[in-house]
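Asker: Below: one structure in structure tokens.
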Amino acid sequence: MTLTYDVFINEPPSHNTGVLPNGEAKGGSPVASTLIYGSEDAVLTDPGFTTDQAHALGDWVAGSGRNVTDIFVTHGHGDHWFAAGLLAERFGARVVATAGSIAQMHNAVAARPLLWDKAYPNIPASPITAVTVADNRFTLEGHDLAIFEVGHADTDDNSVLHIPDLELVVAGDVIYNGAHLYLGESVLVGGLDPWRAAIDKVAALKPRHVVCGHQNKQLDDDAERTIAETRRYLDDADELLESKDTAVDFFNAMVERYPDHLARTVLWAGASALYGVRDHPGDDVGEILVAGWL
Ligand SMILES: [Zn+2]
Numbered sequence: 214m215t216l217t218y219d220v221f222i223n224e225p226p227s228h229n230t231g232v233l234p235n236g237e238a239k240g241g242s243p244v245a246s247t248l249i250y251g252s253e254d255a256v257l258t259d260p261g262f263t264t265d266q267a268h269a270l271g272d273w274v275a276g277s278g279r280n281v282t283d284i285f286v287t288h289g290h291g292d293h294w295f296a297a298g299l300l301a302e303r304f305g306a307r308v309v310a311t312a313g314s315i316a317q318m319h320n321a322v323a324a325r326p327l328l329w330d331k332a333y334p335n336i337p338a339s340p341i342t343a344v345t346v347a348d349n350r351f352t353l354e355g356h357d358l359a360i361f362e363v364g365h366a367d368t369d370d371n372s373v374l375h376i377p378d379l380e381l382v383v384a385g386d387v388i389y390n391g392a393h394l395y396l397g398e399s400v401l402v403g404g405l406d407p408w409r410a411a412i413d414k415v416a417a418l419k420p421r422h423v424v425c426g427h428q429n430k431q432l433d434d435d436a437e438r439t440i441a442e443t444r445r446y447l448d449d450a451d452e453l454l455e456s457k458d459t460a461v462d463f464f465n466a467m468v469e470r471y472p473d474h475l476a477r478t479v480l481w482a483g484a485s486a487l488y489g490v491r492d493h494p495g496d497d498v499g500e501i502l503v504a505g506w507l
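Numbering (this note's numbering), first residue to last: 214 to 507.
Printed below as a string of structure tokens:
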């Protein structure tokens, strides 16, 4: 029996605080979940973060008629997994992640009262139940699913899921598709080169299809295009970081280059962090990163 995959894009929840420099209300980014399935069983990835998202995704998954054995989480950022407990309970599934991602999940839980619960309503209880799997491999109806640890991309300890029989990589936040990248945490690793190295690791798997953690649902999953566009976005960001003196100028210039990209709040959060650290080198970097979202 061959495997198939399908993607569900959850709309971002409303955002509780503030407006963007161009006057738009703040928002979030659409979150993509992938259902990889055989004749009876299925594996779900990155199940989103609000109670509403869990219900919408769960109903869609239930409609597939498959038995969800595992829920794989690509990295520790809460928007990819705070709802994992609800979905795991609904489907009786195991939650799987790398040891690095599990450590990052603890950071995300600690940041809930400072950041996530301030910015977004209706995030459910988020117990960390994820487990690692031996050699970063598990199976679905006899087909291999391989986890690759790719290091820092939009945060530390990103991982991706490679399904060779589908020529598919579920890339989490290493590759983006029609949505602004979160650049803020590059201040913790000296710039964007670690992210470029992570992209190279995905490209080395030679996928035909890439499901990005954040994507515009109008767009396809073409690996070559999404990888090239993510590389170009990082190059554009580096160029504009050189030439623009303020976060607002950087934000406006990126919006001009990417007028159709979703999630300008994510662009602004990153710009605030990058220029916040540049302009206030003595200040607490963690506080600067959080402030960018609020
Ligand atoms: Zn994300």
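For every residue, glycine included, the Cβ atom is placed at its ideal position computed from N, Cα and C.
Work out the CA separation of Glu380 and Asp511 for me, nearest whole Å.
Answerer: The question about residue 511 has no answer, for the chain in this structure spans 214 to 507.
Asker: Which term fits Thr215, buried or exposed, when burial requires 16 or more other beta carbons within 10 angstroms of its beta carbon?
Answerer: Classification of Thr215: exposed, given that the 10 Å Cβ count is below 16.
Asker: Of all the options Ile336, Ala323, Ala343, which has the alpha carbon lying nearest to the alpha carbon of Val503?
Answerer: Answer by Cα proximity: Ala323.
Asker: Look up Asn508 in the DSSP assignment and give the residues it is bridged to.
Answerer: Residue 508 falls outside the range modelled here, since the chain spans only 214 to 507, and no answer is possible.
Asker: Would a C-beta distance cut-off of 8 Å place Ala306 and Val281 closer than the cut-off?
Answerer: Cβ atoms of Ala306 and Val281: closer than 8 Å.
Asker: Which of the three DSSP states, helix, strand or coil, is assigned to Gln431?
Answerer: Coil.
Asker: So, is the C-beta of Gly276 closer than 8 Å to a C-beta in chain D?
Answerer: This model lacks chain D altogether, as it is built from one protein chain only.
Asker: Tell me which residue opens and which closes the alpha helix (DSSP H) that Glu362 is part of.
Answerer: Where Glu362 is concerned, there is no enclosing alpha helix (DSSP H), although the beta strand (DSSP E) it sits in stretches over 356-364.
Asker: Can Trp481 and Leu447 be called in contact, C-beta distance under 8 Å?
Answerer: Their beta carbons are not under 8 Å apart, which means Trp481 does not touch Leu447 by this criterion.
Asker: According to DSSP, what are the bridge partners of Asp473?
Answerer: According to DSSP, Asp473 bridges with nothing at all.
Asker: Is the separation between the beta-carbon of Asp367 and that of Asp386 shorter than 8 Å?
Answerer: Closer than 8 Å, so yes.
Asker: Need the endpoints of the beta strand (DSSP E) that Tyr218 sits in, please.
Answerer: Element bounds for Tyr218: 217-223.
Asker: Looking at Asp369 and ligand 1, is the gap between the Cβ and the nearest heavy atom below 7 Å?
Answerer: Every heavy atom of ligand 1 is 7 Å or more from the Cβ of Asp369, so no.
Asker: If you count every other CB in all the chains shown that lies within 10 Å of the CB of Ala410, and 16 or more means buried, which is it?
Answerer: Exposed, since its Cβ has fewer than 16 Cβ neighbours within 10 Å.
Asker: From Ile440 to Val373, what distance separates their C-alpha atoms?
Answerer: Near 14 Å, if we compare the C-alpha coordinates of Val373 and Ile440.
Asker: When a residue counts only if its C-beta is closer than 6 Å to some heavy atom of ligand 1, which residues count, in chain order?
Answerer: Qualifying residues come out as His290, Asp292, His293, Asp386, Gly426, His427.
Asker: Got a sec, what are the start and stop residues for the beta strand (DSSP E) Phe285 sits in?
Answerer: 280-285 is the span of the beta strand (DSSP E), which, as asked, contains Phe285.
Asker: Identify which residue in Ser277, Gly241, Val232, Asp265 has its Cα closest to the Cα of Thr247.
Answerer: Comparing Cα positions, the closest option is Ser277.
Asker: According to DSSP, simplified to helix, strand and coil, what is Tyr567?
Answerer: The requested residue 567 is not part of the displayed model; the chain covers only 214 to 507.
Asker: Under 8 Å Cβ to Cβ from Tyr333, same chain only, skipping five residues before and after it: list those, please.
Answerer: So the qualifying residues of the chain are Pro226, Ser227, His228, Asn229, Gly241, Phe262, Thr263.
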